[in-house]
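Visitor:
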Amino acid sequence: VREPVSSSINFCEEDYADALNVAEPANTASSVASYIPLALLGLVGPASHEWTNRPNGGNRRFAVVYSTLLAIGIGSTLLHALLTAEAQGGDELPMLWFTASTSYCALDIIIEGIQRGGNRLGMLGKFFLLNRDRLRSSLGVSAVAVTAIYCLARDNFLPFYIMFVTYVWITLLGVMSICSFINWSHTSGGATRADIFVDRILMPIAIASCSVGMLAIFVWVSEMLFCEDATRNKLFGETFAPWFFNRAVHALWHTFSGLLAFLLVQTLIAAHGVQQGWGEPTLKWFGAPYVAFQRSDVSKQTKVS
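Sequence positions in the sequence shown follow the numbering used here and run 136 to 440.
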């Protein structure tokens, strides 16, 4: 017996039109395909070898990031399969945790970069340095507090929305600062290697992230604005447009948002790894691009001697 629809949100795919016990089969399948493989690639797949068992720490933060991405995939799958309030919480709370953890990583990288390479952020950089521990603690405390409010007062969605948007902007602005304002010559072996790191690692990931992000926003806005016109009013035609909005548009959102999240994590891993001396960063592919580290010739010779 299927559960009655109790979620406060619904999507363009018609409920229970194609399956008796799965509310939105296309969105359910795309949730599985878009988030879970990328999360497992970073958590236990080839990409996991690039951050586990590394010197100078960093293991736990990326375990948390990838685990929350996996939780997003599981929660999104349950939400689209059931459309219940409980499943909605399983989808939305991991999004809060993921963005809070990426905010933590981005801020920590920026502050470390200011300490090592000089302050290019002016008064904001000085504020970060003076309040490093407070900032890191506030991210964790706020995430716990908003989670509690979300669970205890489901009708009050405003705190969740405010903090989720805050975490998203901290992450995005942090990644832009990592690519543009940190002096990498102090951590990547000189100005030449710093330019190579920025040009061959950070900027390609940033451009890909920006492109995927714009596509994700486009399909999300399209669904929000044109779903009813396309599926019920048949404003854009009788055949393809209704099918596309009913079966594909939200699935594309899953595809683009999952890839965007994974790419943002690669930026954070690349920057943190360079700061911690994990080796020479490179880009590899295993269904998606991920950052790998190779020992430099100098480090190899030092180890041998």
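Glycine included, each C-beta is placed from N, C-alpha and C at the ideal position.
Verify whether the separation of the beta carbon atoms of phenylalanine 263 and isoleucine 246 is less than 8 angstroms.
Guide: Cβ distance < 8 angstroms, so phenylalanine 263 and isoleucine 246 count as in contact.
Visitor: Bridge partners for glutamine 429 per DSSP, in chain order?
Guide: Beta-bridge pairing links glutamine 429 to Glu415.
Visitor: Kindly identify the DSSP beta-bridge partner or partners of proline 424.
Guide: According to DSSP, which records beta bridges pairwise, proline 424 is partnered with Trp420.
Visitor: With H, G and I counted as helix, E and B as strand and the rest as coil, what does DSSP make of isoleucine 244?
Guide: It is helical.
Visitor: So, is aspartate 364 buried or exposed, given that buried needs 16 or more other C-beta atoms within 10 angstroms?
Guide: Its Cβ having fewer than 16 others within 10 Å, aspartate 364 is exposed.
Visitor: Locate the alpha helix (DSSP H) running through serine 320, then write down its first and last residues.
Guide: That residue, serine 320, is in no alpha helix (DSSP H); it is neither H nor E in DSSP.
Visitor: Throw me the rounded Cβ distance for the valine 140 and alanine 152 pair, which I believe falls under 8 angstroms.
Guide: Valine 140 to alanine 152, Cβ: 13 angstroms. No contact.
Visitor: In whole angstroms, give me the CA-to-CA distance for glutamine 410 and alanine 241.
Guide: Rounded to whole angstroms, glutamine 410 to alanine 241 spans 12 angstroms at the Cα level.
Visitor: Please report how far the alpha carbon of arginine 255 lies from the alpha carbon of aspartate 150, in whole angstroms.
Guide: Cα-Cα distance, rounded: 52 angstroms.
Visitor: DSSP three-state call for aspartate 290: helix, strand or coil?
Guide: Of the three classes helix, strand and coil, the one that applies to aspartate 290 here is coil, per DSSP.
Visitor: Can you tell me whether DSSP reads isoleucine 144 as helix, strand or coil?
Guide: Isoleucine 144 falls in the coil class under three-state DSSP.
Visitor: Can you tell which of Ala174, Trp355, Leu178, Leu213 has the C-alpha that lies nearest to the C-alpha of proline 160?
Guide: For proline 160, the nearest C-alpha among the options comes from Leu213.
Visitor: Taking all protein chains shown into account, decide if valine 426 is buried (16 or more other Cβ within 10 angstroms of its Cβ) or exposed.
Guide: So valine 426 ends up on the buried side.
Visitor: For alanine 396 and leucine 337, which I take to be in contact (beta-carbon distance under 8 angstroms), what is that distance rounded to the nearest angstrom?
Guide: Rounded, the Cβ-Cβ distance is 17 angstroms, inconsistent with contact.
Visitor: Quick check: the Cα distance between leucine 443 and leucine 173, rounded to an integer number of angstroms?
Guide: Since the first residue shown for the chain is 136 and the last is 440, residue 443 is missing from the structure and cannot be characterised.
Visitor: Provide the residue span of the alpha helix (DSSP H) that contains alanine 341, from first to last.
Guide: Taken as a continuous stretch (DSSP letters only), the alpha helix (DSSP H) holding alanine 341 covers 338 to 366.
Visitor: Between the C-alpha atoms of arginine 269 and valine 279, what's the straight-line distance to the nearest angstrom?
Guide: Approximately 15 angstroms, taken between the alpha carbons.
Visitor: Among residues of its own chain, excluding the 5 on either side of leucine 398, which ones have a beta-carbon nearer than 6 angstroms to its beta-carbon?
Guide: For leucine 398, where only same-chain residues beyond five positions count, the Cβ hits under 6 angstroms are Ile340, Ala343, Ser344.
Visitor: Is DSSP giving phenylalanine 379 helix, strand or coil here?
Guide: Phenylalanine 379: helix per DSSP, three-state reduction.
Visitor: Taking all protein chains shown into account, do 16 or more other C-beta atoms lie within 10 angstroms of the C-beta of aspartate 226, making it buried, or fewer, making it exposed?
Guide: Its Cβ being crowded by 16 or more others within 10 Å, aspartate 226 is buried.
Visitor: Below 8 angstroms, how does it come out for the segment 310 to 317 and the segment 357 to 371: are there three or more Cβ pairs, yes or no?
Guide: The segment 310 to 317 is not in contact with the segment 357 to 371.
Visitor: Taking the C-alpha atoms as reference points, what is the distance between leucine 218 and serine 142?
Guide: Cα to Cα, leucine 218 sits roughly 5 angstroms from serine 142.
Visitor: If you follow the alpha helix (DSSP H) that tryptophan 388 is in, where does it begin and where does it stop?
Guide: 384 to 410 is the extent of the alpha helix (DSSP H) around tryptophan 388.
Visitor: Measure the alpha-carbon distance for arginine 328 versus tryptophan 186 and round it to whole angstroms.
Guide: Computed Cα separation, rounded: 21 angstroms.
Visitor: From the DSSP output, in three-state form, read off asparagine 162 for me.
Guide: Helix at asparagine 162.
Visitor: Can phenylalanine 428 and glycine 408 be called in contact, C-beta distance under 8 angstroms?
Guide: For phenylalanine 428 and glycine 408, yes; Cβs fall inside 8 angstroms.
Visitor: Is the distance from the Cβ of tyrosine 285 to the Cβ of leucine 228 below 8 angstroms?
Guide: Yes, the pair counts as a contact, with Cβ atoms nearer than the cut-off.
Visitor: Check each candidate in Pro190, Ile207, Ala220 and name the one with the smallest Cα separation from asparagine 145.
Guide: Of Pro190, Ile207, Ala220, the residue nearest in Cα terms is Ala220.
Visitor: With 8 angstroms as the threshold, decide whether the Cβ of methionine 338 is near any Cβ in chain B.
Guide: Given the protein chain composition of this structure (a single chain), no chain B is represented.
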